[in-house]
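A.B. asks: Before I ask anything, let me first share the structure, which is written out below as structure tokens.
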Amino acid sequence: MPWLKEFRAIYETYRGNPFNSAQWDVVHADPAECLHVVAGPGTGKTTSMVGRILKLVFHDQIPPGAILATSFTKKAAEELRSRILSQGMELKPLLLADYSVPAAAKAWIDEVDVNQVLTGTMDSICQDILRESKPPGSADPEPVDAYVASTVMFRDGFLFSGKMSDKDVESYLRDFHGPHPFGYNATKKGGLIEEIYQRWNNDCVDYAAFAASGTPEEQNAKTIVRDVIERYRTKLDELGAIDFVQLEAEVLRRFRAGDDNVNAWRDRLQVVIVDEYQDTNLLQEQIYFEMARSCKTITVVGDDDQSLYRFRGATVELFVDFPARMNAGLGGTASQHFLRENYRSTQPIVDLVNGYADLDPDYQTVRVPPPAGGSRGIICQSSIQPVFPVVGLFRATPEELAEDLASLIHDVFRGGGRMIPGVGNLIREPGNGDLGDCCLLGGSHQEFAGNRRRLPRLLREEFESLNPRIDVFNPRGRSLADIEQVILFGGYLAHVIDPSGTKLDASAIGQYATPTRDVIQGWKDVAANHHADAATPQDLKDYVQSWFDRDAGPGKTWPRRVSILEFLNGLRHFFPFFRNDPEGLIYYEVFTRQFQACQRIGSWSGDIITNSAKPNWEERAAFDLIEFMLGPIASGTVGVNEDLVESFPRNRFSIMSIHQAKGLEFPMVIVDIGSDFKVNNQQQRRNRAPEWGESSHKLESEIRPHAKGIGVPIRSEIDRAYDDLYRKFFVAFSRPEQVVLLVGLDKSRPDTGSLKNVAAGDDRNGNRRWPGNVPITYL
Amino acid sequence: MSLVSKSPSFYLPSYSLTSDVLGFIRCGLQYRYQGVAKIPSTRPFQLWFGEFIHGVMEEGYRQYEESVRNRAPDLPPWNPVRVYRMARQIEQSLRDRKLFPNNRAVRKLGYLRVVTAINELGPYLFPLISEAEISLSATRSMLPIPKHYQTRQVPSYEVTGRVDVITSVQLNDPAHRGNSLVQYLVGFLNHERAQGRLRNLPNDFEVIIDYKGARRPAISTAGGGATDYWSVYGWQVKTYAHIREKQPGSKRVALGVVIYLNELLPTWDDLAKLQSDIAYQITDITPTPGSDDWEIIHMKKPMKSHADYKKNRDLSWDFRMRRALRLEPVHQQAVAEAVTRFDRYVRQIEISHSKEKLCSDILQAWPQNTSDPDTCTACDYHTFCPRRQRSGNFATSPKLPSI
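Chains as they are written, first to last, in this note's numbering: chain A, 1376 to 2154; chain B, 321 to 723.
Next up, the structure:
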């Protein structure tokens, strides 16, 4: 007996909101139907996906364990699972209690366990597949972290190959670096080889054909690059490790080889649903098609305007062309659905988002075409009051901008509010309002560019001078090497690792540029001064001195081998910031993570050796600790663990990059569209009006002709660079719920700014096209 | 003209029974550092040991299972070298996960114990296994959280776990005649039935088995009252049973079995603790006074090194097996109590997260709630732990390494 109408009524009553017609089309589509869902920002994408999954489970009686739902990031996948489980748990008793649900359906619902729905990221699902299908005698796949992979690639692959100075390699990689020699060093070359390696796999490239193309010099370079990559893989094998790219490639290989265990996993699936599909790469697309090979039912959801991860191999065309690609890869057709009703933002913000998406005529050619006679624009459904216009704050210098912006934020969240001309007083919500209702987004959250203090840094300083002061939450944006406590901690660590002070001059940290050595030396100086300071607690001095002297105390012997973790842990006792403060703990974790990296790839397990009979052992162990633990922190090669940055404290002002803000929303969002652009500096043009493609665009052009399953990029590198920039600010402008505040220097002001800047409304030809229906109230 | 306030983020947290809930019970502060922030312990041997022994037992079963599939059943005991080979492979994969035994003695003990477990327990256990390493997951309502701690919407939570082994064999199967483990389980079930604690038990049911790389805890402290670990391991296996029964196609779970693998090869330190537990009458499995087992337990520790286990192996198999096996009947009331206990701990974890968000001070937000002195002894944070400071029993400065 059909009871879809009843299911909808019960579900909508439970949610307290009806589905709009586009959402309902997605939810109630036939279980066997493939869908291509183009979901604008704030249009209830997750709502529709969760609704569809619960309808499949409860109404269509698809076993939960036969449904696979994935998303691009771990956090997005967790949120998806959160909603499936919580709504599933709450909806189930309502369905069971409702008289309109047929008895036969109730018998099914009563038995069903929503927790069995398979969710995760592509990586986590691949890991599960390999774990579940591993034969006896083989180990669980344990992917290495990015630092370990990069280090092995650089050291065991590149450095030990003896080809670092090969002229052909030098010249070949140089083309991808960009026109300026600045920053083109051994580390950069290692990074480019890593990018080639990832593209090779992510784009399913026929490397033999790729290596056979080009001039003899280029062919030689590509052969060397392949050798470097082979050395890297061999080393990972020796370590019993696998990287994420290999993890996915192995799963695809097993699917295609007809592995019984992997096929058994696939055959239980009846529906595959993929979120954030705009950031999928070719390898992942092929895996998804293999996963859906038996059931032939796949739904993809995404928004091409929000594709941000080309630099990680994402290929937005896979989403744009999904119906045709699915037809070719799996057979069948996918129905297209557009979610346009936006429940997040007020009308002026929606106008900004729509106007911005439309302003560059050339960009329109790469978007998913709207339905016949329709539009891609989102439609405001927000009921938030009061409504504020788009606000702008532009000043002549970064310092003035920081001062005025800090004052405004202070007024709104700590004072009596700030008058917005023509509107009224903007002030925090009287009950629970706090700084967590607001954030600053920019192309970068970094507080320094070289030695120059950027807006996030200047703001931090301004906030500290106010009364009451405002604390900033920006753990990802501060280079560890800039944080006072990290400097002191790292300085003591360097002294203890290398008491004689000679090893820093040796070649062990040769892979790091001289500035890194200088940084560590600077840290040591700070620690030495601190140690000499009369105000420094004596017990700290004694503790460090004992380690420095390798002196265990009267009548005791210092061990020949001791883990540096013992020192890290002991030293932390004297640094309350690293144990009490959640932000400090995130920084401390970097030290311990690098210790673990040293354990993994070094030869001395992260130990300090004290053995006067074996001075070379002492030296080598110290080299390891400097090279793998301290050096990467000082050079900025490693940063904080994103997974640990759980949430934003309510009482601090959050700063984040646009990439990090994806999927988030705040009542008030400050978008930095040009605080870095004081003059028409060539180095900065890539962030506002690119003159050439980035390495990711160049590598795409170089490699894609040899990709199996996708053609060459149709657009030029520079056009792709522009497309990516538009997408980035599209994401930024669509985060706020109630207030969007554009900030920058006067030269980026949308009405009078003289610098070409796509975020200020320029198209790629330099025509200022700020949407006429989006007036800005300047402060 | 005020701003709206950001809606509390919606989140359904996922808590693992072992790494999260048991970690929090062990000590809230330690859990915050090691479980949430992923700070490695300087003494991770307990974690290493547990993972190592689980890994080798699983691998041993997989090899046996494959031999059965290939119609050439190959049941332990095996040549120790074969077990060492499996152990080395597991050790390598733990190394990949950044888990190390820390010292040679711990590593050696681990190797000796897995050989004992596989070769002495394996022959009885492996033929009974129907599934190994089963992932479990269920959604539960979150107990109400005080309003001032509601920093995120958490109406419910996911509880996850991994059961080591499930058996669903017919325990009366003649093929298992002579299997001392089966005899022990059947004897227990019959006793429980007779006591009326396992009513309406169907012929076909499941038994959940969970390995612990630990000694059998005392059932109460010397001063009275239940110790945490005794209760907690019991709740854990019953909660597993509760979740398992909700999975489609599963059978009634009649029994939860915790296997304390250390009891199969106790160290002299373990025997000293057992001796003390016997003296205080706080352990449930004791040898008959005057028996050989009694004598071995009460003899003076013969060597300083705890690497000599020869005498310990002389403890009878029956005694070691009874010490290793803890049988928990699974019935409605026991399960309800276990699950409610875990709900309460999860609420405490959530409140701690909220406190931290509100006050930005980890030491204030997370409880230092351990009741196990060993947890404190091996703790990296004891020099600044507020509880230790309050007790007056703490070192004011970190200890220096020495031999």
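All residues carry an ideal CB built from backbone N, CA and C; glycine is no exception.
Taking the beta carbon of A:Pro1796 as the centre, do at least 16 other beta carbons fall within 10 Å, making it buried, or is it exposed?
C.D. replies: Your numbering for residue 1796 of chain A matches position 421 in the first sequence. By the 10 Å Cβ count, A:Pro1796 comes out exposed.
A.B. asks: Taking 8 Å as the CB-CB limit, is A:Trp1933 close to chain B?
C.D. replies: Locating residue 1933 of chain A in the first sequence gives position 558, counting from the first residue. A:Trp1933 counts as touching chain B.
A.B. asks: Would you say A:Thr1967 lies against chain B (beta-carbon separation less than 8 Å)?
C.D. replies: As a position in the first sequence, residue 1967 of chain A is number 592, starting the count at 1. True, the Cβ-Cβ gap to chain B drops below 8 Å.
A.B. asks: If you compare alpha carbons, which of A:Thr1674, A:Glu1692 and A:Leu2000 is closest to A:Gln1711?
C.D. replies: Start at 1 with the first residue of the first sequence, and residue 1711 of chain A comes out as number 336. Here the closest residue by C-alpha is A:Thr1674.
A.B. asks: List the residues of chain B that A:Phe2028 touches, going by C-beta distances under 9 Å, in chain order.
C.D. replies: Here residue 2028 of chain A is taken as the residue at index 653 of the first sequence, counted from 1. Per Cβ cutoff of 9 Å: no residues; A:Phe2028 is ~13 Å from chain B at best.
A.B. asks: Restricting to Cα atoms, I'd like to know which of B:Thr559, B:Ala658 and B:Glu526 is closest to B:Ala574.
C.D. replies: Here residue 574 of chain B corresponds to residue number 254 of the second sequence, with the count starting at 1. When each option's Cα is compared against that of B:Ala574, the closest is B:Glu526.
A.B. asks: Taking Cβ positions only, does A:Pro2185 come closer than 8 Å to chain B?
C.D. replies: Residue 2185 of chain A lies beyond the residue range present for chain A, which begins at 1376 and ends at 2154; the question has no answer from this structure.
A.B. asks: I need the DSSP call for A:Gly1495, collapsed to helix, strand or coil.
C.D. replies: Translated into the one-based positions of the first sequence, residue 1495 of chain A becomes position 120. Correct three-state label for A:Gly1495: strand.
A.B. asks: Which first and last residues belong to the beta strand (DSSP E) in which A:Leu2000 is found?
C.D. replies: Along the first sequence, read from residue 1 onward, the residue named residue 2000 of chain A stands at position 625. First-last for A:Leu2000: undefined, no H or E at that position.
A.B. asks: Using 8 Å as the Cβ pair cut-off and three pairs as the minimum, do the segment 1693-1709 of chain A and the segment 2087-2096 of chain A touch?
C.D. replies: The segment 1693-1709 of chain A, when compared against the segment 2087-2096 of chain A, does not touch it at the 8 Å Cβ threshold.
A.B. asks: Would you mind reading off the limits of the beta strand (DSSP E) that contains A:Phe1848?
C.D. replies: Residue mapping note: residue 1848 of chain A aligns to position 473 of the first sequence, counting from 1. Looking at the DSSP string, the run of the beta strand (DSSP E) that includes A:Phe1848 is Asp1846 to Phe1848.
A.B. asks: At what residues does the beta strand (DSSP E) containing A:Leu1379 begin and finish?
C.D. replies: Locating residue 1379 of chain A in the first sequence gives position 4, counting from the first residue. Counting along the chain, A:Leu1379 falls outside any beta strand (DSSP E), though it belongs to the alpha helix (DSSP H) covering Leu1379 to Arg1390.
A.B. asks: Taking any Cβ of chain A, which residues in the segment 678-689 of chain B have a Cβ under 7 Å from it, in chain order?
C.D. replies: Residues Ser680, Asp681, Ile682 and Leu683.
A.B. asks: Between the C-alpha atoms of A:Pro1393 and A:Ser1423, what's the straight-line distance to the nearest angstrom?
C.D. replies: Taking the first residue of the first sequence as 1, we reach residue 1393 of chain A at position 18. Taking the first residue of the first sequence as 1, we reach residue 1423 of chain A at position 48. Spanning the two alpha carbons is a distance of roughly 11 Å.
A.B. asks: Restricting to runs no shorter than 4 residues, where is the alpha helix (DSSP H) found entirely within the segment 1709-1771 of chain A?
C.D. replies: List check, alpha helix (DSSP H) in window: 1722-1733.
A.B. asks: Could you spell out where the alpha helix (DSSP H) holding A:Asn1800 opens and where it closes?
C.D. replies: Working through the first sequence from its first residue, we reach residue 1800 of chain A at position 425. No alpha helix (DSSP H) holds A:Asn1800; the beta strand (DSSP E) holding it covers Gly1799 to Leu1801.
A.B. asks: For B:Val435 and B:Val403, which I take to be in contact (beta-carbon distance under 8 Å), what is that distance rounded to the nearest angstrom?
C.D. replies: As a first step, residue 435 of chain B is located in the second sequence; it is residue number 115 there, counting from the start. As a first step, residue 403 of chain B is located in the second sequence; it is residue number 83 there, counting from the start. About 5 Å separates the two Cβ atoms, so the contact holds.
A.B. asks: What residues match up with A:Gln1971 in a beta bridge as DSSP calls it?
C.D. replies: Looking up residue 1971 of chain A in the first sequence gives position 596. Answer is none; A:Gln1971 lacks a bridge partner.
A.B. asks: Determine the chain A residues that contact B:Asp484 at a beta-carbon separation under 9 Å, and present them in chain order.
C.D. replies: In the second sequence, residue 484 of chain B corresponds to position 164, counting from 1. None at all; the shortest Cβ gap to chain A is about 15 Å.
A.B. asks: Would B:Ser339 and B:Asp700 qualify as a contact pair, given that the criterion is a beta-carbon distance under 8 Å?
C.D. replies: Here the question's residue 339 of chain B lines up with position 19 in the second sequence. Here the question's residue 700 of chain B lines up with position 380 in the second sequence. No, these two residues do not count as a Cβ contact at 8 Å.
A.B. asks: Measuring CA to CA, which of A:Pro2146, A:Met1497, A:Asn2026 and A:Gln1645 is closest to A:Arg1789?
C.D. replies: Start at 1 with the first residue of the first sequence, and residue 1789 of chain A comes out as number 414. It is A:Asn2026 whose Cα lies nearest to the Cα of A:Arg1789.
A.B. asks: Can you name the residues of chain B whose CB is closer than 9 Å to the CB of A:Gln2113?
C.D. replies: Within the first sequence, residue 2113 of chain A is the residue found at index 738, counting from 1. By Cβ distance, chain B contributes Leu323 and Val324.
A.B. asks: Counting only runs that start and end within the segment 1627-1653 of chain A, where is the beta strand (DSSP E) found for 3 or more residues in a row?
C.D. replies: DSSP runs (the beta strand (DSSP E)) wholly in the segment 1627-1653 of chain A: 1646-1649.
A.B. asks: In this structure, what does DSSP give as the bridge partners for A:Pro2111?
C.D. replies: Position 736 of the first sequence, counted from the first residue, corresponds to residue 2111 of chain A. Beta-bridge pairing links A:Pro2111 to A:Phe2041.
A.B. asks: Could you run through the segment 1936-1949 of chain A and flag, in chain order, every residue whose CB is less than 9 Å away from some CB of chain B?
C.D. replies: If the cut-off is 9 Å between Cβ atoms, the segment 1936-1949 of chain A has Val1937, Ser1938, Leu1940, Glu1941, Phe1942, Leu1943, Asn1944, Gly1945, Leu1946, Arg1947, His1948 and Phe1949 near chain B.
A.B. asks: Beta-carbon within less than 8 Å of A:Thr1985's beta-carbon, same chain only, minus the 5 sequence neighbours each way: which residues are those?
C.D. replies: Translated into the one-based positions of the first sequence, residue 1985 of chain A becomes position 610. Counting only Cβ-Cβ distances below 8 Å, and skipping sequence neighbours, we find Arg1925, Trp1933, Pro1934, Arg1935, Arg1936, Val1937 and Glu1993.
A.B. asks: Per DSSP, A:Asp2137 forms a beta bridge with which residues?
C.D. replies: Sequence index remark: in the first sequence, residue 2137 of chain A carries index 762 (1-based). Per DSSP, A:Arg2143.
A.B. asks: Alpha carbon to alpha carbon, how far is A:Phe1949 from A:Leu1915?
C.D. replies: As a working note, residue 1949 of chain A is residue 574 in the first sequence. As a working note, residue 1915 of chain A is residue 540 in the first sequence. Near 7 Å, if we compare the C-alpha coordinates of A:Leu1915 and A:Phe1949.
A.B. asks: Mind listing the chain B neighbours of A:Asn1807? Cutoff is C-beta to C-beta under 7 Å, in chain order.
C.D. replies: Residue numbering aside, residue 1807 of chain A sits at position 432 when the first sequence is read from its first letter. Ser325, listed in chain order.
A.B. asks: With distances taken from CA atoms, which of A:Glu1839, A:Lys1899, A:Pro1874 and A:Asn1729 is nearest A:Leu1863?
C.D. replies: Within the first sequence, numbered from 1, the residue matching residue 1863 of chain A stands at position 488. Considering only alpha carbons, the answer is A:Lys1899.
A.B. asks: Closer than 9 Å, Cβ to any Cβ of chain A: which residues of the segment 344-366 of chain B, in chain order?
C.D. replies: Listed by position along the chain: Arg352, Tyr353, Val356, Ala357, Lys358, Ile359, Pro360, Ser361 and Thr362.
A.B. asks: Taking the straight line between their C-alpha atoms, what separation do you get for B:Lys624 and B:Asp694?
C.D. replies: Position 304 of the second sequence holds residue 624 of chain B. Position 374 of the second sequence holds residue 694 of chain B. Here B:Lys624 scores only 46 on pLDDT, less than 50, and its place in the model should not be relied on; the value that follows carries that caveat. Using only the alpha carbons, I get a separation of about 20 Å.
A.B. asks: Run through the DSSP bridge pairs and tell me what B:Tyr531 is partnered with.
C.D. replies: Walking along the second sequence from the start, residue 531 of chain B turns up at place 211. According to DSSP, which records beta bridges pairwise, B:Tyr531 is partnered with B:Ile579.
A.B. asks: Which chain A residues sit within Cβ distance under 7 Å of B:Ala458?
C.D. replies: For the purposes of this step, residue 458 of chain B is taken as the residue at position 138 of the second sequence. Correct list: Asn1490.
A.B. asks: With distances taken from CA atoms, which of A:Asn1638, A:Gly1495, A:Cys1813 and A:Cys1501 is nearest A:Ile1648?
C.D. replies: Along the first sequence, one-based indexing puts residue 1648 of chain A at 273. Measuring from the Cα of A:Ile1648, the nearest candidate turns out to be A:Gly1495.
A.B. asks: Looking only at DSSP bridge pairs, what is B:Glu648 linked to?
C.D. replies: Here residue 648 of chain B refers to the residue found at position 328 when the second sequence is read from its first residue. BP columns for B:Glu648 point to B:Gly576.
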